[in-house]
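*Asks:*
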């Protein structure tokens, strides 16, 4: 059904796999050295979960940072050695000291971009030192709304400060701690592409190549609208209780509805048609039952996506990350509202790729960025990849994206 | 904000208004003569609310049937004489004997297509006798899930039989009762356009002209997917209680989320951009507050749409009508899956209009119907109207739609 699940998987002992990996955890803010967010509030305890693959060269010039998307994590490649199966009754629980993230879901899957990262793969770990960290506000090991607030001893919930694009600043702190000055490349898709762009804008001197996939300098009005519905669903779930639900039932129905909706925006109309059409879930039936139970295959797919998501993601984290998506606006941040002014800062070689049927971060939106860079008389490589997989294409079109990455990363100059 | 609300309104005493109207109510099924639905179940009591404008000619050859869309009603033109303001605490209540529909919302508004229907208007009531009836399963006067089941004395709720395209058959019974054999024209947009198509297929001998706006022979997979999320939201609202909520709190949050989502699908991306962009709701603010309250104008618009909808619509009716939308498939019904075979039945002159930015019933979907009719070597008039108003365009583009209707209805031959 899902193209991704039918993809061949590199087992941990495959020569093309980075093998077993152990996530690292590092404390990047302390009461003595708090992390101040853009909104002005500070966190006195920030732990970041990250993974690395390959080896840093003696010249420290081969580092590549991978930025993950909305529901992603630091586990981009290989097999997580600490992954364990979730207990049957396992609900999302606040992290104890930031060290017990829920990640039973990883048990049987390699990292989310394992197809791209590994020895001999497009992001070749025999040449590059690859880093991926979980974003602030998420629920996969990095401090977020489910973490315990050291001042109260209780989970932050909605008292966690709103995150805008503090992600990149925290990643920079992580690189500092790892002794990495410059990045050979920063790469991301979707919300990860937004971070790659922000890297090129915020730290132009530290980025040699910026690879931005299926992302735009800001979310469209339609995107903000979909996020508004998702947020409404979560925050009006009676189990939400203003974000203080950790010790009780979680707002699963609201989060599931939000995720189902999101999945529609990740697929294209033509993709949905090709994948499901109006097929009934039970193909042995000639006619539907004419009722309110699940009948169509597409309903069953969405229900399943909602159901598995609430087992692996925290509703508060979802709210924080959606809001960061809403608020990000490269032109406003760096150009006083003028995107051309903003991108004058960029010194990295940029590659921008959109996907023809992506209607969440549309080719038009991506091209706004490309046009702006062109107007500064700087080179930018742009490709609109023909695909029916919609926004998901950046993860699904592994061959085309792979050859693009391979080519762009080839020249070590 | 909303183009429709800034439209000039014909007051009841205007020469272009049909003036004050009183809805009619007629019992079309009784225990002696039940109405059997397509799914096989029967209703022993069916009341239909309808309105008429203009006068039936002595030759009875000037009748036009108007079919309403999802959340519409029989009140298509003029001013409802029985409309009263809803009480402040007024929640949706089951109809007593089918005679007390909630329609306080009509107080200050003329009928939903008043711009098209009236003396001298495109659907000219000085020439035509115009009929519009509320569909089976709705909550505006025609029997639906909120009506009392005569066998139990309680509202049907989800025990109401699933409606597929019984609407048209019930409309035919209404015309019989009104002494109208043939229709000069049947006209509808969206779900109303689906009914106009079904009329041309089910009663070819009774329809001279079929005008189908922003509709298709079946809903797209993406449409089914959006409906699945809407249904999930409603049915998982804890107030839903399997549809038996009438004597208690209603599933307002679920219904509001469904409606907010629907409104995104009614507008186009470009329309949303033009109407709201990333404007803040409070335009006096230079920067957002960075929180989870409503900040963007588009959020406020959607929230408002959700809020007003739950005051005027019944969640069960919404479920029934969405499901009818899902299940309708003209090719399956009339051509064994082959649309060309199906449309061979059509003898009416057909006009099909799509709207360029409509992504719910896309131009592509409308063109499937047009192509099929062409392949039967029958004439069909088709136009794709350039508009940024998305699916809403069939209601908003009054000038273009008006001139189209005027021209098509002109020739009385």
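Chains as they are written, first to last, in the working numbering: chain L, 1 to 413; chain X, 1 to 413. Backbone N, C-alpha and C fix where the C-beta goes; we use that ideal spot for every residue, glycine too.
1) Taking the straight line between their C-alpha atoms, what separation do you get for residue 207 of chain L and residue 172 of chain L?
2) Note down, in chain order, all residues in the segment 39-62 of chain L with a beta-carbon under 8 angstroms from any beta-carbon belonging to chain X.
3) Let me confirm a value: residue 58 of chain L is counted as buried when at least 16 other C-beta atoms fall within 10 Å, else exposed. Which label applies?
4) How about residue 302 of chain L: is its C-beta nearer than 7 angstroms to some C-beta of chain X?
5) So, at 7 angstroms on beta carbons, what are the nonlocal neighbours of residue 365 of chain L in its own chain, with the 5 sequence-adjacent residues on each side left out?
6) Along chain L, in chain order, which residues have C-beta atoms closer than 8 angstroms to that of residue 164 of chain X?
7) Relative to the alpha-carbon of residue 345 of chain L, which residue among L:156, L:369, L:327, L:409 has its alpha-carbon at the smallest distance?
8) Since residue 299 of chain L is in the alpha helix (DSSP H), which residue starts that stretch and which ends it?
9) Roughly how many whole angstroms lie between the Cα atoms of residue 307 of chain X and residue 156 of chain X?
10) Please name the residue, chosen from L:396, L:35, L:185, L:183, that lies closest to residue 169 of chain L on a Cα-to-Cα basis.
11) Closer than 7 angstroms, CB to CB, is residue 149 of chain X near chain L or not?
12) Can you tell which of L:118, L:210, L:132 has the C-alpha that lies nearest to the C-alpha of residue 48 of chain L?
13) DSSP three-state label for residue 123 of chain L, please.
14) Tell me the rounded alpha-carbon separation between residue 373 of chain L and residue 214 of chain L.
15) In the structure shown, what three-state DSSP assignment does residue 458 of chain X receive?
16) So if DSSP puts residue 42 of chain X in a beta bridge, which residue, or which two residues, is it bridged to?
17) If we require 3 or more residues per run, which beta strand (DSSP E) segments fall completely within the segment 124-179 of chain L?
18) Inspect the CB distances between the segment 196-207 of chain L and the segment 224-232 of chain X and report whether three or more fall short of 8 angstroms.
19) CB residue 266 of chain L to CB residue 391 of chain L, shorter than 7 angstroms?
20) Could you run through the segment 224-236 of chain X and flag, in chain order, every residue whose CB is less than 8 angstroms away from some CB of chain L?
21) What is the rounded straight-line gap between the Cα of residue 293 of chain X and the Cα of residue 321 of chain L?
22) Can you list the residues of chain X that residue 257 of chain L reaches, using a CB-CB cut of under 8 angstroms?
23) Mind listing the chain X neighbours of residue 264 of chain L? Cutoff is C-beta to C-beta under 8 angstroms, in chain order.
24) For residue 52 of chain L, which of helix, strand or coil comes out of DSSP?
25) Residues of chain X with CB under 7 angstroms from residue 253 of chain L, in chain order?
26) Since residue 129 of chain X and residue 52 of chain X are thought to touch, with beta carbons under 8 angstroms apart, how far apart are those beta carbons, to the nearest angstrom?
27) So, using beta-carbon positions, are residue 405 of chain X and residue 122 of chain X closer together than 7 angstroms?
28) Kindly identify the DSSP beta-bridge partner or partners of residue 118 of chain L.
29) By the DSSP assignment, the alpha helix (DSSP H) with residue 399 of chain L in it spans what residues?
30) Could one say the Cβ of residue 91 of chain X lies closer than 7 angstroms to chain L's Cβ atoms, at least one of them?
31) Can you have a look at residue 78 of chain X and say buried or exposed, based on whether 16 or more other CB atoms are within 10 angstroms of its CB?
32) Where does residue 316 of chain X land, buried or exposed, given buried means 16+ other C-beta within 10 angstroms?
33) May I ask you to report which of helix, strand or coil DSSP gives residue 252 of chain L?
34) Is residue 193 of chain L helix, strand or coil by DSSP?
35) Can you tell me which of the three DSSP states residue 13 of chain L falls into?
*Replies:* Let me lay it out:
1) Taking the straight line from one Cα to the other gives about 11 angstroms.
2) Flagged, chain order: 39.
3) The residue is exposed, with fewer than 16 neighbouring Cβ atoms inside 10 Å.
4) True, the Cβ-Cβ gap to chain X drops below 7 angstroms.
5) 216, 220, listed in sequence order.
6) 290
7) L:369
8) 297-312
9) So the alpha carbons of these two residues sit roughly 25 angstroms apart.
10) L:35
11) no
12) Nearest of L:118, L:210, L:132 to residue 48 of chain L, Cα basis: L:132.
13) Note: residue 123 of chain L maps to strand in three-state DSSP.
14) 16 angstroms
15) The requested residue 458 of chain X is not part of the displayed model; chain X covers only 1 to 413.
16) X:36
17) 129-133
18) As far as the Cβ criterion goes, the segment 196-207 of chain L does not touch the segment 224-232 of chain X, which means the pair count is below three.
19) yes
20) 224, 225, 226, 228, 229, 231, 232, 233, 235, 236
21) Cα-Cα distance, rounded: 15 angstroms.
22) 229, 232, 233, 236, 257
23) 222, 225, 226, 229
24) strand
25) 236
26) 7 angstroms
27) yes
28) For residue 118 of chain L, which the question treats as bridged, DSSP gives the partners L:124.
29) First-last of the alpha helix (DSSP H) with residue 399 of chain L: 398-410.
30) Because the pLDDT of residue 91 of chain X is 40, which lies under 50, any placement of that residue in the model is unreliable, and the question is left without a value.
31) buried
32) buried
33) Residue 252 of chain L falls in the helix class under three-state DSSP.
34) helix
35) Residue 13 of chain L falls in the coil class under three-state DSSP.
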